[in-house]
Structure formats: C-alpha cells, structure tokens
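Using UniProt numbering, the first residue of the sequence shown is number 1, and each one after it goes up by one.
No residue lacks a Cβ here, since even glycine has one placed at the ideal position from N, Cα and C.
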Amino acid sequence: MKPPQVLREGTKKTIFVNFMDLCKTMHRQAEHVMAFLLAELGTTGSRDGQQRLICKGRFLPKVFEGVLRRYMTEYVMCVGCKSSDDILSKENRMFFLRCQQCGSARSVAPIKAGFVARIEKA
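Here it is in structure tokens:
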C-alpha cells in the first residue's frame, strides 16, 4: 500500500491527496473509509471535486498512516489467513467481512463517531 500524500491548506485544513487511490487499492467504498478516518481523527471533513479528502485541523502524514493501518486490520484483513481479498457487506444493520481465499466470515464493528464540537465564528 502506498503511503498517504498529505498537504496543508492554510493553517486549519489538511488535504489527503491520494485518498481515492487508497480506497480503490483496499476495494472499499470511499464513504466508509472517510467515516472511519474522520471518526478516528475526531474531526469533520469532506471530499472536493478532485476526490481528495479535506479534513479540518492539522495532521501529519504518520497520523493518517496509523489510522489507515487500524482500518486495514479491522475492516480489510482476514483474521484467519491475513488476506486482503475479501468483501465487506452489510446485512441486517451489521457489517460482515467475507474472505474470498479461505471462505471465513466475521462481523465487524460499526463506525462510531464521537462528539465533534462545531465552532462557528460570530
């Protein structure tokens, strides 16, 4: 997997440039990866027209790398054979990870975002 390319826009925004490339490499929907990243970083964000992820706050590339590693172990890697050739599906409000190599299936935890304060300038 390629390391995340991160740029800083101004003083309060961080741009994750190769976000869509990493989503395609992991075979995951961008919305799911984005929800996990934003929940783990404790911030808000969105995608721009070039499909880059824009996060509020200043983050180093190694922070993104650590969060992506956690995402890989929790939502991409098979526990039995350590393969990344699997399918993430949603059934009855639960996510299941089904491995294509060994055929094992397991449920994975839903993404829970903590409280993120919305600060507006008056």
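In this structure, the alpha-carbon of L38 lies about 31 Å from that of C102. If you compare the alpha carbons of P110, S83, P61, V79 with that of S89, the shortest gap goes to P110.
According to DSSP, D86 shares a beta bridge with C99. DSSP places R93 outside both helix and strand once states are collapsed to three, so it counts as coil. Distance from the CA of T44 to the CA of C78, rounded to the nearest whole angstrom, comes to 29 Å.
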